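Quick note: the sequence shown, position 48, residue 71 per the working numbering, numbers continuous.
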Amino acid sequence: MDHTYLTCLFMFMFTLVYKMASKPPSVVKFGYEEFQIISDRKWCAKCKHCGEKITETRGTSSGFTKHMERKHAALFEDYKKRKSK
Ligand SMILES: [Zn+2]
Numbered sequence: 024m025d026h027t028y029l030t031c032l033f034m035f036m037f038t039l040v041y042k043m044a045s046k047p048p049s050v051v052k053f054g055y056e057e058f059q060i061i062s063d064r065k066w067c068a069k070c071k072h073c074g075e076k077i078t079e080t081r082g083t084s085s086g087f088t089k090h091m092e093r094k095h096a097a098l099f100e101d102y103k104k105r106k107s108k
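Below is the structure:
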């Protein structure tokens, strides 16, 4: 593999990841509101059900998922069901 090819591939992957990190994760669309990107590294959203504000590393959604799993177990079950469809 030559160097140019690798550079192109890297740029492509980077663009893809960057675009993905600009849209709210599915769990946020499901149970959160007021989604916003705070900075290059952080995004946040407010829980629809208890109003708690969750700040998370941009591009990841585990914080949002964990909050729902711990505080709103029934809702989380519902979310998992919808996701698996
Ligand atoms: Zn909540």
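By construction, the Cβ of each residue, glycine as well, lies at the ideal position given by its N, Cα and C atoms. Since we're looking at a predicted model, the values are computed, not measured.
Check whether the Cβ atoms of residue i and residue j lie closer than 7 angstroms to each other.
i	j	result
glutamate 79	glycine 86	yes
tyrosine 55	alanine 44	no
Assuming residue i contacts residue j (C-beta within less than 8 angstroms), just tell me the rounded distance between them.
i	j	result
serine 49	lysine 106	7 angstroms
lysine 71	arginine 81	In fact, because the Cβ distance is near 21 angstroms, the residues do not count as touching under 8 angstroms.
phenylalanine 35	proline 47	Incorrect: roughly 23 angstroms between the Cβ atoms, too far for contact.
lysine 94	cysteine 73	6 angstroms
To test your reading of the DSSP string, which unbroken beta strand (DSSP E) runs of 3 or more residues are found completely within the segment 26-91? Whole beta strand (DSSP E) segments, 3+ residues: 55-60, 65-70, 76-80.
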